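Take a look at the structure below.
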Amino acid sequence: MPTALMLRPATAADAPLLAAMHAASWQATYRNLLPATFLEQEVGAERTAYWRARMEAPGEERRLVLIAELEEPQDRRTPVGFVCVERQPGSPWGVLLDNLHTLPAHQGIGVGKRLMQAAQAWARAQGETQLYLYVLEGNASAIAFYERQGWKYSGAEPDHMGGIDITALRYVYRLDGA
1 MPTALMLRPA TAADAPLLAA MHAASWQATY RNLLPATFLE QEVGAERTAY WRARMEAPGE
61 ERRLVLIAEL EEPQDRRTPV GFVCVERQPG SPWGVLLDNL HTLPAHQGIG VGKRLMQAAQ
121 AWARAQGETQ LYLYVLEGNA SAIAFYERQG WKYSGAEPDH MGGIDITALR YVYRLDGA
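Take 1 as the starting number for the sequence shown in the UniProt record's numbering and just add one per residue.
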């Protein structure tokens, strides 16, 4: 049985791990929202390229990427999720919570909430007053999770993912004292 949930900063060397967790999350969550061909054949390579580029890109002072690991017996750590939050200069919406993923087998044990709290604390430390995120229309479980955490719907925008047009719902979260 896990003894603790640990958060650690991701490095460029973690890009393959981030990509694998991201792809697994999308494959489980977006099964009825994105094309099966994309999820089964393309998402792994697409996310690998994305995370390699992102983790090697300049501007790391504007973003925080944390990996959640369950501490297991014999000093083993099992990666179970991650968060990526980034300051968006000039954004009217605040800090972008760009990724929040918990592997399906570990959902419901507080990983997502803990990662979100870390993102909020980081944004506060940056002097920010609000965060925002986008969630795919139709991703009912994520929408319900965000709303339970106090996020508020603030609009919809067209997007393109997996070769199809989609709608991304924007949610905002005002930080305490803002």
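Note that CB positions come from ideal geometry on N, CA and C, so glycine has one too.
Model, not experiment: these values are computed from the prediction.
Cut-off 7 Å between Cβ atoms - residues of its own chain near residue i, not counting five sequence neighbours on either side
i	result
P2	With a pLDDT of only 46 at P2, under the threshold of 50, the placement of this residue in the model should not be trusted; the figure read from the coordinates follows. Correct list, in chain order: L70, E71 and E72.
K152	Y171 and V172
Contact under 9 Å by Cβ, residue i with residue j
i	j	result
residue 204	V85	The chain is shown only over 1 to 178; residue 204 falls outside these bounds and no answer can be derived.
Q126	R87	yes
D98	M55	no
G155	T129	no
N- and C-terminal bounds of the alpha helix (DSSP H) containing residue i
i	result
S154	Segment K152 to M161 is the beta strand (DSSP E) holding S154; no alpha helix (DSSP H) there.
DSSP state of residue i mapped onto helix, strand, coil
i	result
L33	coil
Q107	coil
T48	helix
L96	strand
Q130	strand
R87	coil
Beta bridge counterpart(s) of residue i as assigned by DSSP
i	result
D75	According to DSSP, D75 bridges with nothing at all.
P168	The residue you asked about is not Pro; residue 168 is Ala in the sequence shown. Answer by DSSP bridge pairing, in chain order: L136 and E157.
A68	L7 and G81
H22	Paired residue(s): none; H22 is not in a bridge.
Proximal residues to residue i (C-beta, below 6 Å), its chain only, five neighbours per side dropped
i	result
E157	A168
Close Cβ partners of residue i (< 8 Å) along its chain, the five nearest in sequence each way excluded
i	result
A178	Residue confidence is low: A178 scores 47 on pLDDT, short of 50, so the model does not pin down where it sits. Its coordinate-derived value is still stated next. Here the set comprises T129 and Q130.
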